[in-house]
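K.L.:
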Amino acid sequence: MYLQLVSVHGLFRGTDIEMGRNADTGGQIRYVLELAKMLAKHPRVEAVDLFTRRIRDKNYSDDYSRDIETLGPNCRIVRIPCGSGKYVRKERMWSMLDEFIDGMIAFTRRQGMMPAMVHGHYADAGYIASEVAATFGVPFVFTAHSLGKPKLDYLTAEGWSVEKADAELAISHRIQVEQKCLSIADLVVTSTRHERDTQYADYHKDEALPIKVIPPGTDLDRFFPYYDYELGHASVGEHYKQARMRMSNELSRFHFQHDKPLILALCRPDRRKNIGALIDAYGQSNELQAIANLAVFAGIRDNIEQLPDNEQHVLTDMLLSMDRYNLYGKMAIPKRHDSEYEVPELYRLAASSGGLFVNTAFIELFGLTAIESAAVGLPFVATENGGPQDIVENCDCGELVDVNDREQLTSSMLTILTDRKKWERLSNNGINRVREHYTWEAHCETFVDELAEIIGSSPKHTVRLPTPPTGRRMGEFEDLLITDIDNTLLGDDAAMRQLCDYLKENRNRIGFGVASGRSFQLIEEVLNDYGIDHLDVAIGSVGTEIYYGPTFTVDKGWSSHIRHKWLPDRIHQACDVLPFMSLQEGESAQREFKISYTIDDSVDISQAETEIRRALNEAKVAHTLIISHGAYVDVLPFRASKGKAVRFLANKWNIPLERIATAGDSGNDADMLIGHTAGIVVGNHDAELESLRDLKRNRIYFARAHSAAGILEGLQHYGMIPSALTAEAG
48 MYLQLVSVHG LFRGTDIEMG RNADTGGQIR YVLELAKMLA KHPRVEAVDL FTRRIRDKNY
108 SDDYSRDIET LGPNCRIVRI PCGSGKYVRK ERMWSMLDEF IDGMIAFTRR QGMMPAMVHG
168 HYADAGYIAS EVAATFGVPF VFTAHSLGKP KLDYLTAEGW SVEKADAELA ISHRIQVEQK
228 CLSIADLVVT STRHERDTQY ADYHKDEALP IKVIPPGTDL DRFFPYYDYE LGHASVGEHY
288 KQARMRMSNE LSRFHFQHDK PLILALCRPD RRKNIGALID AYGQSNELQA IANLAVFAGI
348 RDNIEQLPDN EQHVLTDMLL SMDRYNLYGK MAIPKRHDSE YEVPELYRLA ASSGGLFVNT
408 AFIELFGLTA IESAAVGLPF VATENGGPQD IVENCDCGEL VDVNDREQLT SSMLTILTDR
468 KKWERLSNNG INRVREHYTW EAHCETFVDE LAEIIGSSPK HTVRLPTPPT GRRMGEFEDL
528 LITDIDNTLL GDDAAMRQLC DYLKENRNRI GFGVASGRSF QLIEEVLNDY GIDHLDVAIG
588 SVGTEIYYGP TFTVDKGWSS HIRHKWLPDR IHQACDVLPF MSLQEGESAQ REFKISYTID
648 DSVDISQAET EIRRALNEAK VAHTLIISHG AYVDVLPFRA SKGKAVRFLA NKWNIPLERI
708 ATAGDSGNDA DMLIGHTAGI VVGNHDAELE SLRDLKRNRI YFARAHSAAG ILEGLQHYGM
768 IPSALTAEAG
């Protein structure tokens with residue numbers, strides 16, 4: 048199986064992972080990286096690609112701009128360009144996702160490998176994964192990690208309005224996408240029973256939808272027991288020893304008495320992590336201060352004032368609490384740590400001191416840090432709300448508390464810190480039982496078993512898409528014909544029928560598409576009138592719309608691509624006032640990305656074109672101008688036209704331009720005829736195409752025959768059909 052995973056935000060790499068840098072760099076980064084690497088080692092998996100966004104931003108490492116990064120044998124990070132390249136947080140990425148989908152499809156086609164499934168992590172990646180899976184007709188797997196409805200409930204309880212949540216976090220759109228993902232997913236993977244039973248409770252789900260609890264694993268090579276140092280374990284690498292010294296020196300800058308047990312907290316500076324509850328409990332307990340030091344590693348920062356408001360407030364409150372309780376010399380708030388070597392050493396330092404890990408989040412969906420601490424032998428006290436319930440039940444390596452009950456929190460910490468037998472029992476249980484319940488090998492074995500089951504059945508996408516799915520169909524043929532409709536495909540009924548019959552009989556070798564100034568509704572009508580029912584692709588509205596198959600499934604990536612710098616209001620202001628032009632009437636004439644006019648037949652066409660271009664240039668609007676049949680004007684986005692749509696299809700589906708035959712008869716066909724395509728100008732063409740004869744660098748064949756007979760003649764010229772067929776047509 049070739050497996051595709053998607054995590055969109057872009058801020059992860061194979062080494063020096065920047066966990067805690069911002070809201071996008073939480074535990075999910077480690078989850079998807081280790082999942083990808085471990086799945087690639089499974090004997091039933093051929094390869095794994097982890098797709099994310101390519102970032103080219105001077106404020107971020109060049110590592111995030113590498114197109115491909117190898118993580119291990121048969122495992123890669125694949126970075127897809129979309130948007131400007133500047134980093135934006137995931138809530139601001141929704142408008143870029145269709146472009147990402149196209150890039151991911153194009154990459155997949157170039158690789159020549161069909162994915163066995165596509166797995167999306169978080170709502171944005173779920174949207175991408177569902178679309179890519181639908182394109183190739185393979186199962187879609189969804190892991191939400193966190194969900195919008197519970198988050199909205201939390202925000203409204205904190206005083207947010209829904210309008211504010213939408214403006215800041217696009218929360219309503221996120222919830223809609225999550226609901227759609229759940230309605231079409233073939234498998235949903237959760238980490239805990241709490242996540243399955245509580246987080247998804249308010250969403251509509253098919254009773255047959257498999258929602259499987261498959262706990263993620265832990266990298267036991269990194270999170271080895273604390274006593275390996277004390278026993279002189281020979282395999283401890285120098286990187287870990289050096290990290291241990293760095294962290295020891297860093298903590299010594301804050302703590303006056305270095306030999307006390309260490310209470311350790313690791314989390315992002317987010318209000319939901321409820322760091323203040325821990326500091327208050329420690330600051331208000333003379334006993335805790337007497338027996339233990341406190342260290343809170345809350346993200347990575349250089350300057351608090353440069354952080355987002357939420358993080359500024361949390362960190363400022365931490366510093367104010369430190370001052371309020373006079374915790375100088377007892378509490379450490381370091382500014383930096385790396386997740387690869389220093390985090391494991393922090394756990395081991397705390398364990399070696401007889402210390403404790405504490406997680407006081409209001410809710411913890413999984414509890415990765417609790418498992419990591421337990422794996423090294425560091426007992427924990429954690430919130431009773433969420434995933435730590437499963438961890439304590441499976442491993443008996445810590446205690447759960449109501450984080451809103453300060454006395455309970457303080458009492459639990461004191462009990463574990465002062466009862467050495469209990470500490471040792473929890474420590475040993477963590478080391479032993481994490482290795483039983485939380486290994487990536489066990490996760491991947493269960494995951495692959497579940498995949499095998501859903502791959503063996505029909506994915507849900509096949510019931511709502513043409514058969515075969517678009518991605519498979521667009522990869523089947525060697526050649527593709529894209530032809531204009533009026534006066535090109537149509538005009539000679541006998542030749543048209545002969546051409547269509549041949550294309551239908553040879554569908555495994557030749558794809559069939561049309562390109563027209565019509566809207567897709569009018570394209571559909573005319574094709575139905577002529578009994579043409581085997582279309583693979585339709586380019587409509589002069590190249591501003593792309594659809595697939597007989598059901599006209601829209602290519603949303605093309606719409607997203609051409610929307611860039613499209614300013615229709617400016618175009619109307621510039622052109623509606625020109626006295627020789629009038630807007631064409633009808634819904635099909637005016638489309639989202641097409642503004643169409645008719646030129647008065649008393650006006651010289653070349654003079655009219657000059658005036659139109661001047662008006663558009665003065666309006667400072669990017670555009671594509673198409674003039675055809677000496678009377679019709681179409682103003683399109685600058686990225687759109689029939690020719691640009693053809694090239695987009697070639698890139699997306701990895702079809703060489705030389706194997707795409709384009710046929711037309713008028714000026715609005717010109718830019719799809721020029722270049723490296725196999726251009727065919729039918730014999731009954733408008734005079735405005737005569738200038739193409741002089742373009743020496745282009746492959747354009749001027750047929751003698753008219754309409755569909757001319758298409759047949761051109762296809763024979765390029766060797767795409769046998770000559771006997773054109774002789775018969777003639």
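Residue numbers (this note's numbering): 48 to 777. Ideal Cβ positions, reconstructed from N, Cα and C, are used throughout, including at glycine.
Got a sec, what are the start and stop residues for the alpha helix (DSSP H) His360 sits in?
P.N.:
Translated into positions along the sequence shown, residue 360 becomes position 313. Note, His360: alpha helix (DSSP H), 356 to 371.
K.L.:
Spatial neighbours of Thr486 within its chain, please: CB distance less than 6 Å, with the 5 preceding and 5 following residues excluded, ordered by chain position.
P.N.:
Within the sequence shown, the letter at position 439 stands for residue 486. Hits under 6 Å: Gly264.
K.L.:
Sort Phe409, Asp63, Leu313 by Cα distance to Ile382 and report the nearest one.
P.N.:
Stepping through the sequence shown from its first residue, residue 382 is reached at position 335. Checking the sequence, you will find Lys at residue 382 rather than Ile. Ranking Phe409, Asp63, Leu313 by Cα distance to Lys382 puts Leu313 first.
K.L.:
Along the chain, where does the alpha helix (DSSP H) that runs through Ile707 open and close?
P.N.:
Residue numbering aside, residue 707 sits at position 660 when the sequence shown is read from its first letter. Note, Ile707: premise wrong, no alpha helix (DSSP H); beta strand (DSSP E) at 707 to 711.
K.L.:
What does the Cβ neighbour count give for Phe413, buried or exposed, with the cut at 16 atoms within 10 Å?
P.N.:
Your numbering for residue 413 matches position 366 in the sequence shown. The residue is buried, with at least 16 neighbouring Cβ atoms inside 10 Å.
K.L.:
What is the DSSP secondary structure of Ala669, counted as helix, strand or coil?
P.N.:
The sequence position of residue 669 within the sequence shown is 622, counting from 1. The answer is coil: DSSP assigns Ala669 none of H, G, I, E or B.
K.L.:
Nearest to Phe524 by alpha carbon, out of Asp681, Ala708, Asp356?
P.N.:
As a first step, residue 524 must be located in the sequence shown, where it is residue number 477. The shortest Cα separation from Phe524 among Asp681, Ala708, Asp356 belongs to Ala708.
K.L.:
Please state if the CB of Arg293 and the CB of Glu389 are separated by a distance shorter than 9 Å.
P.N.:
Numbered from its first residue, the sequence shown carries residue 389 at position 342. Numbered from its first residue, the sequence shown carries residue 293 at position 246. Result yes, Cβ atoms of Glu389 and Arg293 sit closer than 9 Å.
K.L.:
Along the chain, where does the alpha helix (DSSP H) containing Ser607 start, and where does it finish?
P.N.:
For the purposes of this step, residue 607 is taken as residue 560 along the sequence shown, with counting starting at 1. Note, Ser607: alpha helix (DSSP H), 603 to 609.
K.L.:
Determine the burial state of Thr62: buried for a count of at least 16 other Cβ atoms within 10 Å of its Cβ, exposed for fewer.
P.N.:
Here residue 62 is taken as the residue at index 15 of the sequence shown, counted from 1. Thr62 should be labelled exposed.
K.L.:
How would you write the range of the alpha helix (DSSP H) that Met151 sits in, first residue to last?
P.N.:
Taking the sequence shown and counting its residues from 1, the one referred to as residue 151 is at position 104. 144 to 158 is the span of the alpha helix (DSSP H), which, as asked, contains Met151.
K.L.:
Out of Ile418, Val450, Ala232, Lys307, which has the shortest C-alpha to C-alpha gap to Ala324?
P.N.:
Position 277 of the sequence shown holds residue 324. Put simply, of Ile418, Val450, Ala232, Lys307 the residue whose alpha carbon is nearest the alpha carbon of Ala324 is Val450.
K.L.:
Pull up the CB-CB distance for Leu341 and Arg348, whole angstroms please, since I reckon it's below 8 Å.
P.N.:
For the purposes of this step, residue 341 is taken as residue 294 along the sequence shown, with counting starting at 1. For the purposes of this step, residue 348 is taken as residue 301 along the sequence shown, with counting starting at 1. Contact flag wrong, Cβ pair sits at about 18 Å.
K.L.:
How would you call Ser299, buried or exposed, if buried means at least 16 neighbouring beta carbons within 10 angstroms?
P.N.:
Indexing the sequence shown from 1 puts residue 299 at position 252. Under this definition Ser299 is an exposed residue.
K.L.:
Could you compute how far the alpha carbon of Lys84 sits from the alpha carbon of Lys320?
P.N.:
As a working mapping, residue 84 is identified with position 37 in the sequence shown. As a working mapping, residue 320 is identified with position 273 in the sequence shown. Whole-angstrom Cα-Cα distance: 29 Å.
K.L.:
Under the three-state reduction of DSSP, which class applies to His168: helix, strand or coil?
P.N.:
For the purposes of this step, residue 168 is taken as the residue at position 121 of the sequence shown. Looking at His168 - three-state DSSP - the assignment turns out to be strand.
K.L.:
Please report the residue range of the alpha helix (DSSP H) in which Phe695 lies.
P.N.:
Position 648 of the sequence shown holds residue 695. Its alpha helix (DSSP H) spans residues 689 to 700.
K.L.:
For the beta strand (DSSP E) holding Gly558, just list the boundary residues, first then last.
P.N.:
Indexing the sequence shown from 1 puts residue 558 at position 511. That run of the beta strand (DSSP E) goes 557 to 562.
K.L.:
Quick check on this structure: which residue in Arg520, Gly477, Asp539, Ala585 has the alpha carbon closest to the alpha carbon of Thr530?
P.N.:
For the purposes of this step, residue 530 is identified with residue 483 of the sequence shown, where counting begins at 1. Nearest of Arg520, Gly477, Asp539, Ala585 to Thr530, Cα basis: Ala585.
K.L.:
Taking 8 Å as the cut-off, is the beta-carbon of Lys612 closer than that to any non-hydrogen atom of the ligand SAH?
P.N.:
The model on display carries no ligand, and the ligand SAH is accordingly not part of it.
K.L.:
Decide if Glu392 is buried, meaning its Cβ has at least 16 other Cβ atoms within 10 Å, or exposed.
P.N.:
Looking up residue 392 in the sequence shown gives position 345. Counting Cβ neighbours within 10 Å, Glu392 comes out buried, since at least 16 surround it.
K.L.:
Anyone know if the C-beta pair for His168 and Cys491 falls short of 9 Å?
P.N.:
The sequence position of residue 168 within the sequence shown is 121, counting from 1. The sequence position of residue 491 within the sequence shown is 444, counting from 1. No, Cβ-Cβ distance for His168 and Cys491 is not below 9 Å.
K.L.:
What did DSSP end up calling Asp533 once you bin it into helix, strand or coil?
P.N.:
To locate residue 533, count along the sequence shown from 1; it is residue 486. Reduced to three states, the DSSP call for Asp533 is helix.
K.L.:
Tell whether a beta-carbon distance below 9 Å holds between Leu546 and Ile747.
P.N.:
As a working mapping, residue 546 is identified with position 499 in the sequence shown. As a working mapping, residue 747 is identified with position 700 in the sequence shown. No, they are not a contact pair.
K.L.:
Residue range of the alpha helix (DSSP H) that Gly633 falls in?
P.N.:
The sequence position of residue 633 within the sequence shown is 586, counting from 1. Taken as a continuous stretch (DSSP letters only), Gly633 belongs to no alpha helix (DSSP H), as it is neither H nor E.
K.L.:
Going along the chain, which unbroken runs of the beta strand (DSSP E) with 3 or more residues stay wholly within the region 199 to 268?
P.N.:
234 to 237, 258 to 260
K.L.:
Would you mind stating whether Tyr174 and Leu144 have Cβ atoms separated by less than 9 Å?
P.N.:
On the sequence shown, residue 174 is found 127 positions in, with the first residue counted as 1. On the sequence shown, residue 144 is found 97 positions in, with the first residue counted as 1. Yes.
K.L.:
Pop quiz: Arg156 and Arg126 are said to be a contact at Cβ under 8 Å. What is the actual Cβ separation, rounded to whole angstroms?
P.N.:
For the purposes of this step, residue 156 is taken as residue 109 along the sequence shown, with counting starting at 1. For the purposes of this step, residue 126 is taken as residue 79 along the sequence shown, with counting starting at 1. Wrong, their Cβ atoms sit about 17 Å apart, outside the cutoff.
K.L.:
For the beta strand (DSSP E) containing Glu592, name the first residue and the last one.
P.N.:
Locating residue 592 in the sequence shown gives position 545, where the first residue counts as 1. Start and end: 592 to 595.
K.L.:
What number of angstroms, rounded off, separates the C-alpha of Gly766 from the C-alpha of Pro120?
P.N.:
Sequence index remark: in the sequence shown, residue 766 carries index 719 (1-based). Sequence index remark: in the sequence shown, residue 120 carries index 73 (1-based). If you take the alpha carbons of Gly766 and Pro120, they lie about 42 Å apart.
K.L.:
Helix, strand or coil, according to DSSP, for Ala312 in the structure here?
P.N.:
Along the sequence shown, read from residue 1 onward, the residue named residue 312 stands at position 265. Ala312 falls in the strand class under three-state DSSP.
K.L.:
Should the region 394 to 406 be called in touch with the region 415 to 425, which here means at least 3 C-beta pairs below 8 Å?
P.N.:
yes
K.L.:
How far does the alpha helix (DSSP H) with Arg453 in it reach, from first residue to last?
P.N.:
Here residue 453 refers to the residue found at position 406 when the sequence shown is read from its first residue. Its alpha helix (DSSP H) spans residues 453 to 465.
K.L.:
Within 10 angstroms of its Cβ, does Ser238 collect 16 or more other Cβ (buried), or is it exposed?
P.N.:
As a position in the sequence shown, residue 238 is number 191, starting the count at 1. Burial call: buried.
K.L.:
By Cβ distance below 7 Å, which residues in the same chain neighbour Ala429 in space, the five residues on each side in sequence not counted?
P.N.:
Against the sequence shown, residue 429 aligns to sequence position 382. So the list reads Asn406, Glu411, Gly414, Ala417, Pro435, Gly445, Leu447, once near-sequence residues are dropped.
K.L.:
Any chance the region 566 to 581 sits against the region 654 to 668, with 3 or more Cβ pairs inside 8 Å?
P.N.:
With a cut-off of 8 Å, the region 654 to 668 and the region 566 to 581 do not count as touching, because too few Cβ pairs lie within range.
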